[in-house]
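Step one of this worksheet: look at the structure below.
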Amino acid sequence: IGLLKEIKEQEPEVNVIMISGHGNIHTAVAAAKLGAFDFIEKPLSLDGLLLTVRRALGGSPPSKGNGKSLKTARGKRRSRVSAAAAAARSLKQKTLGKSVVISGQGLHSGIKTGVILHPLPPNSGILFSGISADTTVPAHLDYVGSTGYATSLRGKGIVVGTVEHFLAVLHSYGITNLLVKMHGEIPIMDGSALDFCHLIEEAGLQEQDEEWSEIVIDRTYRVGPKGGETISVEPADTFGVRYVLNYPKPIGLQEHTYLYKGPESFKAEIAPARTFGFLKDIEKLEKLGLVNGGRLSNCILMDNEKILNTELRFADEFARHKILDIVGDFYLLGRPIRGMVTARMTGHSDNIALLRQIRKGMDL
Numbered sequence: 052i053g054l055l056k057e058i059k060e061q062e063p064e065v066n067v068i069m070i071s072g073h074g075n076i077h078t079a080v081a082a083a084k085l086g087a088f089d090f091i092e093k094p095l096s097l098d099g100l101l102l103t104v105r106r107a108l109g110g111s112p113p114s115k116g117n118g119k120s121l122k123t124a125r126g127k128r129r130s131r132v133s134a135a136a137a138a139a140r141s142l143k144q145k146t147l148g149k150s151v152v153i154s155g156q157g158l159h160s161g162i163k164t165g166v167i168l169h170p171l172p173p174n175s176g177i178l179f180s181g182i183s184a185d186t187t188v189p190a191h192l193d194y195v196g197s198t199g200y201a202t203s204l205r206g207k208g209i210v211v212g213t214v215e216h217f218l219a220v221l222h223s224y225g226i227t228n229l230l231v232k233m234h235g236e237i238p239i240m241d242g243s244a245l246d247f248c249h250l251i252e253e254a255g256l257q258e259q260d261e262e263w264s265e266i267v268i269d270r271t272y273r274v275g276p277k278g279g280e281t282i283s284v285e286p287a288d289t290f291g292v293r294y295v296l297n298y299p300k301p302i303g304l305q306e307h308t309y310l311y312k313g314p315e316s317f318k319a320e321i322a323p324a325r326t327f328g329f330l331k332d333i334e335k336l337e338k339l340g341l342v343n344g345g346r347l348s349n350c351i352l353m354d355n356e357k358i359l360n361t362e363l364r365f366a367d368e369f370a371r372h373k374i375l376d377i378v379g380d381f382y383l384l385g386r387p388i389r390g391m392v393t394a395r396m397t398g399h400s401d402n403i404a405l406l407r408q409i410r411k412g413m414d415l
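Reminder that position 124 of the sequence shown reads as 175 in my numbering, one-by-one numbering, no gaps.
Shown next, in the form of structure tokens:
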């Protein structure tokens, strides 16, 4: 770390790749904050090292068997493009203007962790990796590992937990190409997505030459019976989510409708909404090995009568947080969706089930 600091002080424009057999995610975050281009943990793989060197030299990463590029995500059989797909708007791909880092704690693992974000060339997609970067897992429906209390991704030798808040930010800011280096779980921060918005804005957005297209919903898709726990999506002129929940007090009946109008509307209306839970459920979740990182500062905690630890940011903050989860999960089709989502008392498993219906129905 000391040598890295000296190099960057003398040659600030030089890309430095730091390799160590004694580091961890905290060392990687510290190195990134000092200006290292990347940090690789030993034992390293040749593929991971070459990928990092290629990025440092400004080249495109090679395609890998467990990756899904944006070109692949556009559809496997272009000869069967629907009328709705033909009406999809073409959008410029985007990455970050520079690498950035953030530290925090995993909600379910309880482990202090961090995230390092690196720009990627066009058609790379959103890729998660460990510190050594020898294998990646794409942010795609095909790699969803579990949906119990959070959405996790699973690839060969890598698991990425609690991705939904972070993906909601990437979805809303239109980021299409990004390498996300982390260890096990995306940090929960304060229970909302606001810190991730600030991180993306710190890095800046870099528009790229390649284009991609949105998924235009062609008819109504539904999971669950009408009037019960249900989620559906129908054709619309923009992306939006209407969520209704009805819990015992102190939550009660809440409803919120969100129409996407750009990153600023998301940042003001949805990103600040925090995750929540009942005190009576904590013991059960702890026995399941979950919420080990739950703190009074990163969730809204309630008993049967009142909120125990904080003031609400919105009167309907609980419904807004459910919308945040949907915005994140819906980015797992690899492209933004144009359609109106309506949900009542649903969670991550229902979101993923609806995405699978959409993929099958639209032959994506």
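Every residue, glycine too, gets a C-beta built ideally from N, C-alpha and C.
Cβ-based burial, residue i [other Cβ within 10 Å; buried from 16]
i: S141; result: exposed
i: A201; result: buried
i: T187; result: buried
i: Q61; result: exposed
i: E215; result: buried
i: L171; result: buried
i: I409; result: buried
i: K357; result: exposed
i: P63; result: exposed
i: D332; result: exposed
i: V65; result: exposed
i: L359; result: exposed
i: N174; result: buried
i: D424; result: This structure cannot speak to residue 424, because the chain is shown only from 52 to 415.
i: A136; result: Because A136 sits at a pLDDT of 49, beneath the cut-off of 50, its placement in the model cannot be relied upon, and the point is left open.
i: T434; result: As shown, the chain starts at 52 and ends at 415. That puts residue 434 outside it, with no answer to give.
i: D260; result: exposed
i: R106; result: buried
i: A82; result: buried
i: P189; result: buried
Distance CB(residue i)-CB(residue j) smaller than 8 Å
i: I182; j: I70; result: no
i: R389; j: I321; result: no
i: P387; j: E262; result: no
i: H169; j: S154; result: no
i: A87; j: L55; result: yes
i: N349; j: I377; result: no
i: G225; j: K145; result: yes
i: M391; j: V284; result: yes
i: M233; j: P301; result: no
i: G176; j: N228; result: yes
i: L405; j: L384; result: no
i: S203; j: V211; result: yes
i: K315; j: K143; result: What sits at residue 315 in the sequence shown is Glu, not Lys. Against a cut-off of 8 Å, the Cβ pair of K143 and E315 comes out as no contact.
i: G379; j: A254; result: no
Bounding residues of the alpha helix (DSSP H) (the contiguous stretch that carries residue i)
i: L375; result: 368-380
i: A219; result: 215-224
i: A319; result: 314-320
i: E57; result: 53-61
Residue from the options whose Cα sits closest to the Cα of residue i
i: M21; options: G303, G385, L330, D354; result: Here the chain comprises residues numbered 52 to 415, so residue 21 is not present and cannot be evaluated.
i: S243; options: R106, R407, M413, E368; result: E368
i: L230; options: D185, L245, T361, G72; result: D185
i: G328; options: I351, F317, K318; result: I351
i: N297; options: L363, Q259, A394; result: A394
i: I209; options: G235, G199, S400; result: G235
i: H399; options: E253, G196, T271; result: G196
i: F179; options: G206, D193, L192; result: G206
i: E362; options: K373, P323, D380, L375; result: P323
i: K411; options: L192, A82, L100, T78; result: L192
i: D270; options: G279, A254, D288; result: In the sequence on display, residue 270 carries Arg and not Asp. The residue with the shortest Cα to Cα distance from R270 is D288.
i: D241; options: K277, E306, Q156, V166; result: Q156
i: I18; options: V166, G199, F317; result: Examination of residue 18 is not possible in this model, given that the chain is present from 52 through 415 alone.
Inter-residue CB distance, residue i and residue j (contact presumed, cutoff 8 Å)
i: V152; j: K84; result: 6 Å
i: R293; j: T308; result: 4 Å
i: L221; j: Y382; result: 6 Å
i: V274; j: I268; result: Incorrect: roughly 14 Å between the Cβ atoms, too far for contact.
i: I239; j: T213; result: 7 Å
i: T103; j: I68; result: 6 Å
i: F217; j: F247; result: 5 Å
Host beta strand (DSSP E) of residue i (start-end)
i: D260; result: 256-264
i: M233; result: 229-233
i: S154; result: 151-156
i: M391; result: 391-395
i: I351; result: 351-353
i: S141; result: 141-147
i: H399; result: Not the beta strand (DSSP E): H399 falls in the alpha helix (DSSP H), residues 399-413.
i: H307; result: 303-310
i: F327; result: 327-329
i: R364; result: Premise fails: R364 is in no beta strand (DSSP E) and is neither H nor E.
i: M69; result: 68-71
i: K163; result: 163-170
i: F179; result: 177-180
i: T202; result: No beta strand (DSSP E) holds T202; DSSP gives it neither H nor E.
i: P189; result: 187-189
Closer than 8 Å to chain B by CB, residue i
i: R205; result: This model lacks chain B altogether, as it is built from one protein chain only.
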